[in-house]
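First the structure, in the form of structure tokens, and then the observations on it.
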Amino acid sequence: MRTLVLLFPLALNTFAASPIIFGARGGVPFSDTTTSITSGLGGLTSSQRFEVGPTLGVRLPLGFSVEGDALFKRETLNVGILPGVGALNTHSDSWEFPAMLRFTAGHQVIAPVLGAGVSVRHINNFGDVPSYLFNGSTSANTVGFVAAGGVRFRIGRVDITPEVRYTRWGYNSLSQSVENLLPLNRNEASVLVGITF
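Set out below in structure tokens:
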């Protein structure tokens, strides 16, 4: 057991010196996933939003790196009055896979970080929405542009990076009936914190 305790810091030190980046990222969106609905539904609000997942990357020379995330996102949706249904509470699940070229300005303990790249979103679940409201698929794939800015704090061999991330989504492939019921916002902003080694 004592050998294991002694080997763990050595393993962390080896990973920190390698070009491989790994860790986790999580946070909350501060923009709604869905756009405002006013006609016929009595409104749509969202709550209990979060996103979390692993991150993996490779360090490059001159402060650059290539990093990718696999972020699971959940958002609780509260739909107002639907004709013949009444109020509806459900959730939206999706996976986002952003891949970014990132630049960290310097090797100091505190350093600014900028990044840009592409992201793919797969919406795979609308929870308890009755299937008769949809006359097609409730899953979709969308590609978008992603940009991020933040600050990296280095504590020993661990990097903690709070950041603001903006994504501009392209056209989504949801069926028209789903898009009419829950139109998705093409502009999305999130606050995330990454912990990487």
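Under this note's numbering, the residue at position 13 of the sequence shown is numbered 188, and the numbers go up by one with no gaps. Cβ atoms here follow ideal geometry from the backbone N, Cα and C, with glycine treated the same way.
*If you count every other CB in all the chains shown that lies within 10 Å of the CB of L359, and 16 or more means buried, which is it?*
buried
_Considering Cα atoms alone, identify which of V227, I298, A286 is closest to P204._
With distances taken between Cα atoms, P204 lies closest to V227.
_Spatially closest choice to G201 from V295, Q223, P229, I330, by CA coordinates_ = P229
*Residue from L235, V368, R224, F197 whose Cα sits closest to the Cα of G324*: When L235, V368, R224, F197 are compared, the shortest CA-CA separation from G324 is found for V368.
*Rounded straight-line distance, which links the Cα of V288 to that of V321*: 14 Å
*May I ask you to report which of helix, strand or coil DSSP gives L237?*
helix
_Distance check for A245 and M275, CA to CA, integer angstroms please._
12 Å
*Ignore the nearest five residues each way along the sequence and tell me which others in S365's own chain have a CB closer than 6 Å to its CB.*
If we look at S365 and ignore the five residues flanking it on each side, its Cβ neighbours are G202, P204, R340.
*So what's P194 in DSSP terms, helix, strand or just coil?*
coil
*Is R332 helix, strand or coil by DSSP?*
DSSP, reduced to helix, strand and coil, places R332 outside both helices and strands of the structure shown, so it counts as coil.
*Answer with buried or exposed for P236, where buried requires no fewer than 16 other C-beta atoms within 10 angstroms of its C-beta.*
exposed
*From K248 to I298, what does the alpha carbon distance come to, in whole angstroms?*
9 Å
*Determine the extent of the beta strand (DSSP E) in which S206 is found, giving its start and end residues.*
Run containing S206: none; DSSP gives neither H nor E here.
*asked:* Quick check on DSSP: helix, strand or coil for A199?
replied: In the displayed model, A199 falls within a strand according to three-state DSSP.
*Nearest to Q283 by CA position, among L231, R329, G292, is which residue?*
R329
*How is N360 classed by DSSP in three states: helix, strand or coil?*
coil
_Among G319, F278, S269, nearest to A286 - alpha-carbon criterion_ = F278
*Counting only the same chain and skipping the five closest in sequence on each side, list residues whose C-beta sits under 6 Å from that of T193.*
For the record, residue 193 in the displayed sequence is Ser; it is not Thr. Answer for S193: no residue qualifies.
*According to DSSP, is V284 helix, strand or coil?*
In the three-state DSSP reduction, V284 falls in the coil class, being neither helix nor strand.
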